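Trainee: Residue numbers (my numbering): 1 to 527.
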């Protein structure tokens with residue numbers, strides 16, 4: 001029964017990834033160029049992006065060959081380039097937050113400057129889901145209160161914090177690749193990361209919930225893998241009580257802490273954790289004590305984060321939400337957005353959600369319109385909506401959200417603004433093409449995953465003969481990617497920059513898969 005369950009889970013996770021790839025294969029013109037969504041930028045044809053993807057595979061092969069002799073030098077060089085890109089972005093493209101993240105940052109500045117008697121914006125009565133990130137940034141920025149003389153100072157500080165967290169998360173991601181799959185996989189991953197400039201330069205500067213939740217999720221997953229991975233024993237069994245040591249406890253507590261922070265900042269992280277625990281519970285079920293202990297620790301720290309947040313709210317006179325329920329948005333409004341306009345927000349949706357002032361009337365009307373829309377779509381229409389949403393996230397017409405982030409900090413300095421905008425017009429199309437190359441290369445790796453997971457006629461895989469844990473960790477990473485992707489495709493609205501919650505895990509999957517294939521090919525050539 002357990003063996004069949006393992007096969008089903010591995011098959012379902014692989015199938016979801018292949019379906020996403022299938023959608024992407026038909027996301028744009030094959031020969032002629034494409035316009036990105038909303039026609040802001042020009043995108044290449046599918047064939048041209050595919051050619052660039054195979055060039056990146058060639059660069060990865062070259063990286064592996066060089067790493068056999070100079071792996072530390074290659075690692076150092078790649079890290080220097082990544083860090084340089086993260087730092088230079090703060091100078092040449094200091095992106096300003098847009099609507100939601102600007103509301104968050106303005107509220108943080110209000111809290112920092114006027115604590116303990118600040119005024120809370122009514123925005124947070126409508127969108128209470130953005131209270132946690134506001135509280136979190138307040139905890140950080142309050143430490144630097146006497147250095148924050150203007151809003152620009154706060155935006156710069158939060159951008160620096162975002163860049164630092166991003167680099168720490170990439171370090172954790174590289175540690176996962178190196179620990180499980182070797183230094184070649186780590187170096188190829190760093191190459192893939194270097195080929196995602198929109199992520200390195202733009203996403204981490206905007207100071208929003210996913211910006212700060214994602215690094216904690218990645219770091220938490222690194223410690224979680226340390227809990228279950230044993231390089232000396234490729235087995236799901238751990239029965240010796242002596243294996244419970246300080247190192248194990250540290251990994252469990254660190255994993256629980258970081259995962260709870262990620263969950264606090266971005267509640268949809270719960271779907272990723274559910275995917276992770278399904279894989280752990282199926283493949284490492286004999287380690288159920290560790291799994292149970294980890295769950296308890298995550299719940300403990302999550303409860304603690306929530307209590308500290310509530311305490312902070314009480315100290316800052318946060319009461320709008322409890323006073324006027326009519327300012328709140330019903331949960332059904334998010335589902336309406338997920339399906340009404342192909343997963344996009346828009347004026348038609350706003351007309352529905354804003355028609356009634358009373359919360360109960362608004363909720364009933366939104367439910368009515370939602371059911372009407374679902375009925376009108378039918379089964380085929382719903383499937384087509386899922387396809388379109390997958391293409392917005394991963395398709396070749398994506399601009400990775402760059403259309404929304406064309407404003408910059410230091411708005412009062414017109415000369416600098418003109419220079420930023422000129423640099424933006426020059427750099428952005430190139431950044432989009434490079435990031436799409438890495439994205440498509442990683443998506444192509446989904447074709448290879450079944451060959452890595454399933455035995456062939458010779459009863460071997462491209463992993464070593466003792467590969468249980470390697471395969472399980474690959475499935476664990478795949479479960480995170482799939483669960484977060486399905487959340488946006490099935491239940492939420494989609495924007496191009498929402499890909500970033502899945503992108504690091506996609507890059508890890510791509511780097512590991514291509515490394516295993518290329519290593520096998522290079523070793524055969526040497527024989």
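Where is the CB? At the ideal position from N, CA and C, for every residue including glycine. Keep in mind that this is a model prediction, so the values were computed, not measured.
What residue from 368, 489, 488 and 423 has the CA that sits closest to residue 89's CA?
Mentor: 423
Trainee: If I'm right that residue 25 touches residue 437 with Cβ under 8 Å, what's the distance once you round it to whole angstroms?
Mentor: Actually they are not in contact, since the Cβ atoms of residue 25 and residue 437 sit about 16 Å apart, beyond 8 Å.
Trainee: When the Cα atoms are used, what is the spatial distance from residue 240 to residue 519?
Mentor: Confidence in residue 240 is poor, its pLDDT being 42 and thus under 50, which makes the residue's placement unreliable; the coordinate value appears in the next sentence. Residue 240 and residue 519 have their C-alpha atoms roughly 35 Å apart.
Trainee: Return the CA-CA distance between residue 66 and residue 445, expressed in angstroms with no decimal places.
Mentor: 22 Å
Trainee: Return the residue from the list 95, 288, 393 and 454 that minimises the CA-CA distance to residue 208.
Mentor: Here the closest residue by C-alpha is 95.
Trainee: Identify which residue in 365, 470 and 159 has its Cα closest to the Cα of residue 137.
Mentor: 159
Trainee: Using a 10 Å radius around the Cβ and a threshold of 16 neighbouring Cβ atoms, would you call residue 103 buried or exposed?
Mentor: Buried is the call here.
Trainee: Touching or not, the region 267-277 and the region 479-491, by the rule of three or more beta carbon pairs under 8 Å?
Mentor: yes
Trainee: From the DSSP output, in three-state form, read off residue 34 for me.
Mentor: strand
Trainee: Let me check understanding here. Comparing Cα to Cα, which of 492, 513 and 449 lies closest to residue 15?
Mentor: 449
Trainee: Could you compute how far the alpha carbon of residue 248 sits from the alpha carbon of residue 299?
Mentor: 18 Å
Trainee: Can you give the Cα-Cα distance for residue 281 and residue 288, rounded to whole angstroms?
Mentor: Here the alpha carbon of residue 281 sits roughly 7 Å from the alpha carbon of residue 288.
Trainee: Could you check how far apart the C-beta atoms of residue 60 and residue 161 are, in whole angstroms? I think they sit under 8 Å.
Mentor: The pair is not a contact, with the Cβ atoms about 31 Å apart (cut-off 8 Å).
Trainee: Along the alpha helix (DSSP H) that carries residue 162, what are the first and last residues, could you check?
Mentor: 151-181
Trainee: What are the partner residues of residue 42, as DSSP defines its beta bridges?
Mentor: 35
Trainee: Should residue 553 go down as buried or exposed, given a rule of 16 or more other Cβ atoms within 10 Å for buried?
Mentor: With the chain covering only 1 through 527, there is no way to say anything about residue 553.
Trainee: Nearest-angstrom Cα distance between residue 517 and residue 155?
Mentor: 43 Å
Trainee: Apply the 10 Å Cβ neighbour rule to residue 322 and answer buried if 16 or more other Cβ atoms are within range, or exposed otherwise.
Mentor: Caution applies to residue 322, whose pLDDT of 42 falls short of 50 and renders its modelled position unreliable; the value that the coordinates give is listed next. The residue in question, residue 322, is exposed, as its Cβ has fewer than 16 Cβ neighbours within 10 Å.
Trainee: What are the partner residues of residue 95, as DSSP defines its beta bridges?
Mentor: 408
Trainee: Please go through the same chain and pick out, in chain order, the residues whose beta-carbon is closer than 6 Å to the beta-carbon of residue 251, but skip the five residues on each side of it.
Mentor: Cβ within range, chain order: 223, 226 and 227.
Trainee: Among 175, 356, 214 and 167, which residue has its Cα nearest to the Cα of residue 80?
Mentor: Of the listed residues, the one whose Cα sits closest to residue 80 is 167.
Trainee: Could you spell out where the alpha helix (DSSP H) holding residue 384 opens and where it closes?
Mentor: Its alpha helix (DSSP H) spans residues 359-394.
Trainee: From the DSSP output, in three-state form, read off residue 448 for me.
Mentor: Residue 448: coil per DSSP, three-state reduction.
Trainee: Considering residue 201, what are the terminal residues of the alpha helix (DSSP H) in which it resides?
Mentor: 197-201
Trainee: Confirm, please, whether the CB-CB distance from residue 370 to residue 341 is below 8 Å.
Mentor: Cβ atoms of residue 341 and residue 370: not closer than 8 Å.
Trainee: Please state whether DSSP places residue 427 in a helix, a strand or coil.
Mentor: When DSSP states are grouped into helix, strand and coil, residue 427 belongs to the helix group.
Trainee: Could you check the C-alpha separation between residue 4 and residue 197 for me, to the nearest Å?
Mentor: 42 Å
Trainee: Run through DSSP, which three-state label would residue 344 get?
Mentor: coil
Trainee: Could you say if the region 37-56 and the region 429-436 meet the contact criterion of at least three C-beta pairs nearer than 8 Å?
Mentor: yes
Trainee: Name the two residues that bound the continuous alpha helix (DSSP H) containing residue 122.
Mentor: Residue 122 -> no alpha helix (DSSP H), and no H or E assigned at all.
Trainee: Taking C-alpha atoms, which residue in 479, 453, 487 and 488 lies nearest to residue 471?
Mentor: 453
Trainee: Counting Cβ pairs closer than 8 Å, one from the region 297-313 and one from the region 176-185, do we hit at least three?
Mentor: The region 297-313 is not in contact with the region 176-185.
Trainee: To which residues of the same chain is residue 264 closer than 6 Å at the C-beta, ignoring the five residues directly before and after it?
Mentor: Counting only Cβ-Cβ distances below 6 Å, and skipping sequence neighbours, we find 132 and 305.
Trainee: Which value, in whole angstroms, describes the spacing of the CA atoms of residue 109 and residue 409?
Mentor: 15 Å
Trainee: Three or more beta-carbon pairs under 8 Å between the region 69-85 and the region 386-400, yes or no?
Mentor: no
Trainee: Give the range of the alpha helix (DSSP H) segment to which residue 213 is assigned.
Mentor: 209-228
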